[in-house]
Amino acid sequence: MSEVQNFKVTIDNITLEVPPGTTILNAARMIGGEVTPPAMCYYSKLQGSGGKCRTCLVEVSKGSEKDPRPMPKLVASCRTTVMDGMEVKNITSEKVLDARKGVVEMLLINHPLDCPVCDQAGECHLQDLSYEHGGSGTRYEFDRRTFEKEDIGEYISLHMTRCILCYRCVYTAEQLTERREHGVLERGDHAEISTLLGKSLDNEFIGNVIDVCPVGALTDKTFRFKNRVWFTKPVDAHCNCTKCSGKVRLWMRGDEVFRVTARKDKWGEVEEWICNDCRFHKKDVKDWTIEGPSKIDRHSVIGQGHYVGLKKTPILIDKVIGKNPKMLMDIHDVSDVNKPEIHLSQIQGPAHSDDFQKKDK
Ligand code: SF4
Ligand code: FES
């Protein structure tokens, strides 16, 4: 049997070879770093996910070697497969950055800015997205959507106003549990996550919907309002569970286990699904064998506290722009403020634009 030829694809000036059928998003994930488009609905572990949120839009400036015409519109990178010789622009495209800003504005039209009281704050993908790609204001002047509060069971809390309708929780329930009790009801701006006839979500693996939800729409009732995520320390632990792998992440403060979640990879996706028993009922440190501090890959708020398990993401900007970025200024060249031998009272004042003009002359 002849071997299948890989396709060559260039994303933001970085070229790599990938097997046919790879999506642009997954090719970009092979490169990593800032070249990878954000994804709010695609989830590699869930079949059929993607194509809902449009945050992963990219510009295809060359379709393929055979047909080099650019694609007429920006495309969803999670749903578009690479062609041989394709050239893609993500952070090197003004159009993409502008469109992504629009997508963030659209997502935030109905999403409340209640981060100070939201359990997802600090690990919310929409928070990260709006910080990296959003504008500082909104043009929206109308009333936001509101929903009747719905009780979906003893484990999971639903805040429908925060939902961005990514469908991840629906696919999770469909693909992981014996029967799905919730889904998206209604259409358009009436669409909402809901259960039919007030059923509750209590299937054995349903707790995983909390982990896949990119925002704070689905949160853990056993952890709600107990602590802020950045005050807790994540550690990897396992137990002998008969229902799941038993490999989890404990969110601890001192010896107290505040929360149990699945372990996540560097794209924020669950590595192995865990059962409700492990997640909601084993909150004693004696239930677990501790392996050590978790590796935190995302530019997480937990990393701000010099957390021991922090892994830095690769910096690729020199490869993207083809040269080392020019440092516009080095504060040490123009100010003595960081020189310990010089007393602060002897320094005239802070460096300002005049200092640089003098330096250029
Ligand atoms: S509740 Fe969360 S996971 Fe479910 S559709 Fe809404 S945002 Fe997505
Ligand atoms: S991640 Fe591609 S459309 Fe949502």
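Heads up: the sequence shown begins at 40 in this note's numbering, then just goes up one per residue. The beta carbon of each residue, even a glycine, is placed where N, CA and C say it ideally should be.
Item	Value
Residue interval of the alpha helix (DSSP H) (run including residue 207)	207 to 215
Segment contact flag, the segment 142 to 151 with the segment 107 to 122, C-beta cutoff 8 Å, min 3 pairs	no
Cα-Cα separation, residue 341 to residue 269	5 Å
Residue 276 - DSSP class collapsed to helix/strand/coil	strand
Contact the segment 309 to 326 vs the segment 275 to 289: 3+ CB pairs below 8 Å	yes
Segment contact, 8 Å Cβ cut-off, at least three pairs: the segment 98 to 105 with the segment 72 to 87	no
Backbone secondary structure at residue 169 - three-state DSSP	helix
Buried versus exposed call for residue 363 [16 or more other C-beta atoms within 10 Å across all chains shown]	exposed
Under 8 Å between C-beta atoms of residue 49 and residue 117	no
Contact test: residue 130 Cβ vs the ligand SF4 heavy atom, cutoff 7 Å	no
Exposure label - residue 13; buried when at least 16 CB within 10 Å	Past the boundaries of the shown model lies residue 13; the chain is included only from 40 to 400, so the question cannot be answered.
One or two residues paired with residue 125 in a DSSP bridge	48
Residue 256 beta carbon near the ligand SF4 (any heavy atom closer than 7 Å)	yes
Pick from 233, 381, 287 that is closest to residue 332, judged by C-alpha positions	287
Outcome for residue 203 when other beta-carbon atoms lying within 10 angstroms are tallied against a minimum of 16	buried
Which listed residue (256, 361, 379, 69) has its alpha carbon closest to that of residue 156	256
Exposure label - residue 74; buried when at least 16 CB within 10 Å	buried
Buried/exposed call for residue 210, threshold 16 Cβ in 10 Å	buried
Distance cut-off 7 Å: residue 205 Cβ against heavy atoms of the ligand SF4	yes
Unbroken stretches of the beta strand (DSSP E), 3 residues or longer, contained in the segment 211 to 250	221 to 224, 231 to 234
Cβ-Cβ distance between residue 271 and residue 291 below 8 Å	yes
Residue 355 beta carbon less than 8 Å from that of residue 327	no
Sheet register partners of residue 196 (DSSP bridge)	258
Exposed unless 16 or more other CB atoms sit within 10 angstroms - verdict on residue 44	exposed
Range covered by the alpha helix (DSSP H) that runs through residue 291	Element bounds for residue 291: not the alpha helix (DSSP H) but the beta strand (DSSP E), 286 to 292.
For residue 381, the three-state DSSP class (helix, strand or coil)	coil
DSSP beta-bridge partners of residue 328	277
Neighbourhood of residue 186 by C-beta, 7 Å cutoff - its chain only, sequence neighbours within 5 removed	199, 200, 231
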